[in-house]
Amino acid sequence: MKDPVKACADRASESAESKRPRHIAIIMDGNGRWAQARDLPRIEGHRRGVETVRMVSETATELNIDAITLYCLSSENWKRPKAELEFLMHLLEQYLIEERRTIMDQGLRLKVIGRRDRLPENVIKEMDKTLAMSESNPGTQLVLAIDYGGRDEITKVARELAREVAAGSLREEEISEERITSRLYTAGLPEVDLMIRTGGDMRVSNFLLWQLSYSELWITDTCWPEFTRENFLTAIDDFALRQRRFGGLNVNE
Ligand code: IPE
Ligand code: IPE
Ligand code: MG
Numbered sequence: 002m003k004d005p006v007k008a009c010a011d012r013a014s015e016s017a018e019s020k021r022p023r024h025i026a027i028i029m030d031g032n033g034r035w036a037q038a039r040d041l042p043r044i045e046g047h048r049r050g051v052e053t054v055r056m057v058s059e060t061a062t063e064l065n066i067d068a069i070t071l072y073c074l075s076s077e078n079w080k081r082p083k084a085e086l087e088f089l090m091h092l093l094e095q096y097l098i099e100e101r102r103t104i105m106d107q108g109l110r111l112k113v114i115g116r117r118d119r120l121p122e123n124v125i126k127e128m129d130k131t132l133a134m135s136e137s138n139p140g141t142q143l144v145l146a147i148d149y150g151g152r153d154e155i156t157k158v159a160r161e162l163a164r165e166v167a168a169g170s171l172r173e174e175e176i177s178e179e180r181i182t183s184r185l186y187t188a189g190l191p192e193v194d195l196m197i198r199t200g201g202d203m204r205v206s207n208f209l210l211w212q213l214s215y216s217e218l219w220i221t222d223t224c225w226p227e228f229t230r231e232n233f234l235t236a237i238d239d240f241a242l243r244q245r246r247f248g249g250l251n252v253n254e
């Protein structure tokens, strides 16, 4: 049987450039529910979720996707119990250490978006080490959204611009969509073509609010720990069938 990744890559290269997602963003949700349904502690769902992260970054590399952005921790997730947060930080630190070899082998370029100031020092240390090591890798950009919030990001940009206008280094008329885009954490990345959410909730939960304006959404009830390579490839295949109009009309209409 033909390898499904190969088949998907073939279809992707056969189809027009516009049919291939260049940037995929994922809300990796449903870890807790997956565990609870199996009488396991919620943290077991997070642990298993790391394996799905590995599968997704490997598949994105094989398919030559430019960037994948993974929602690891939202700015609202700090409301969770201390023990769960401590475990998530531990998992993150472990991931940054253990995945270093794979990140380098696969040529992935790590990028982290979100606030840094609320993260523990040991996580920052491992993060900076992996960021520096992978800085000039040529492959897929692996973007981790950690302590990230879309509203927080836009507020930060608004403050920066207001400061510059007040200081006289920027004129109000110079504030454009392009300028705002270029100040976001995601500056330099391609537009988010496809946004996947696992766990079945039909919401964006403060993820990439500006960037998702014209993204195609693909939501599945499957929880993150059981999200398979086939599921991922199906989302990419479905994307190729979507008609994107960006507010205009179909080309053949
Ligand atoms: C997503 O899984 C991971 C994080 C938010 C860190 P959840 O922990 O939200 O799992 P559910 O949604 O409660 O099942
Ligand atoms: C979104 O999931 C955040 C991450 C996946 C990191 P949540 O579980 O926090 O979202 P809500 O609370 O259900 O909206
Ligand atoms: Mg959740």
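When we follow the working numbering, the leftmost residue of the sequence shown carries the number 2, and every step to the right adds one. For each residue, glycine too, the CB sits at the ideal point set by N, CA and C.
Identify which residue in L210, L234, D194 has its Cα closest to the Cα of L218.
On the sequence shown, position 217 is the one that residue 218 refers to. It is D194.
Between the CA atoms of D148 and Q107 - distance to the nearest angstrom
For the purposes of this step, residue 107 is taken as residue 106 along the sequence shown, with counting starting at 1. For the purposes of this step, residue 148 is taken as residue 147 along the sequence shown, with counting starting at 1. Their backbone Cα atoms lie some 26 Å apart in a straight line.
Does the structure place the stretch 239-247 close enough to the stretch 18-36 that three or more beta carbon pairs sit under 8 Å?
yes
Is the separation between the beta-carbon of L210 and that of G151 shorter than 9 Å?
Looking up residue 210 in the sequence shown gives position 209. Looking up residue 151 in the sequence shown gives position 150. In contact: L210 and G151 (Cβ atoms closer than 9 Å).
9 Å Cβ cutoff met for T141 and R110:
If you number the sequence shown from 1, residue 141 lands on position 140. If you number the sequence shown from 1, residue 110 lands on position 109. Contact: yes.
Take the Cβ of M29 as the centre, count every other Cβ of all protein chains shown within 10 Å, and call the residue buried at 16 or more, exposed below.
Numbered from 1 along the sequence shown, position 28 holds the residue referred to as residue 29. Label assigned to M29: buried.
Beta carbon of A61, beta carbon of R49: below 9 Å?
For the purposes of this step, residue 61 is identified with residue 60 of the sequence shown, where counting begins at 1. For the purposes of this step, residue 49 is identified with residue 48 of the sequence shown, where counting begins at 1. No, Cβ-Cβ distance for A61 and R49 is not below 9 Å.
In the stretch 58-86, which residue ranges form an unbroken beta strand (DSSP E) of at least 3 residues, counting only runs that do not cross its ends?
68-75
May I ask you to check if the CB of C73 is nearer than 8 Å to at least one heavy atom of ligand 2?
The residue given as residue 73 occupies position 72 in the sequence shown. Checking every heavy atom of ligand 2 against the Cβ of C73, one is found closer than 8 Å.
By how many angstroms is the C-alpha of L250 removed from the C-alpha of M128?
Stepping through the sequence shown from its first residue, residue 128 is reached at position 127. Stepping through the sequence shown from its first residue, residue 250 is reached at position 249. Distance between the alpha carbons of M128 and L250: 44 Å.
Can you give, in chain order, each stretch of the alpha helix (DSSP H) that sits fully within the stretch 111-143 and has at least 4 residues?
122-135
Proximity winner among V113, N123, A68, relative to L90 (alpha-carbon distances):
As a first step, residue 90 must be located in the sequence shown, where it is residue number 89. The sequence shown places Met at residue 90, not Leu. Ranking V113, N123, A68 by Cα distance to M90 puts N123 first.
Find the nearest neighbour of I25 within the set L190, T221, G201, D222, judged by alpha-carbon distance.
On the sequence shown, residue 25 is found 24 positions in, with the first residue counted as 1. I25 has its Cα closest to that of L190, out of L190, T221, G201, D222.
Under the DSSP definition of a beta bridge, which residues are partnered with E217?
Against the sequence shown, residue 217 aligns to sequence position 216. The partner list for E217 (beta bridge, DSSP) reads L195.
Inspect the beta-carbon positions of I69 and I27 and report whether they are closer than 9 Å.
Along the sequence shown, one-based indexing puts residue 69 at 68. Along the sequence shown, one-based indexing puts residue 27 at 26. Yes, Cβ-Cβ distance for I69 and I27 is below 9 Å.
Quick one: is the Cβ of L97 within less than 8 Å of any heavy atom of ligand 1?
By one-based count along the sequence shown, residue 97 stands at place 96. Every heavy atom of ligand 1 is 8 Å or more from the Cβ of L97, so no.
May I ask you to report which of helix, strand or coil DSSP gives A188?
Position 187 of the sequence shown holds residue 188. Here A188 sits in coil by DSSP.
How close, in whole Å, do the beta carbons of L97 and T53 come, if the pair is a contact with beta carbons under 8 Å?
As a first step, residue 97 is located in the sequence shown; it is residue number 96 there, counting from the start. As a first step, residue 53 is located in the sequence shown; it is residue number 52 there, counting from the start. The pair is not a contact, with the Cβ atoms about 17 Å apart (cut-off 8 Å).
Could you tell me whether any non-hydrogen atom of ligand 2 is closer than 8 Å to the CB of G114?
Residue mapping note: residue 114 aligns to position 113 of the sequence shown, counting from 1. Residue 114 is actually Ile in this sequence, not Gly. For ligand 2, not one heavy atom lies less than 8 Å from the Cβ of I114.
Of the residues K112, I114, V51, which one's Cα is nearest the Cα of E99?
Numbered from 1 along the sequence shown, position 98 holds the residue referred to as residue 99. That would be V51, whose Cα lies nearest to the Cα of E99.
Classify Y186 as buried or exposed, calling it buried when 16 or more other Cβ atoms lie within 10 Å of its own Cβ.
Residue numbering aside, residue 186 sits at position 185 when the sequence shown is read from its first letter. So Y186 ends up on the buried side.
From what residue to what residue does the beta strand (DSSP E) around A38 run?
The sequence position of residue 38 within the sequence shown is 37, counting from 1. A38 -> no beta strand (DSSP E), and no H or E assigned at all.
Taking DSSP as the reference, what is the three-state secondary structure of L89?
Residue numbering aside, residue 89 sits at position 88 when the sequence shown is read from its first letter. Looking at L89 - three-state DSSP - the assignment turns out to be helix.
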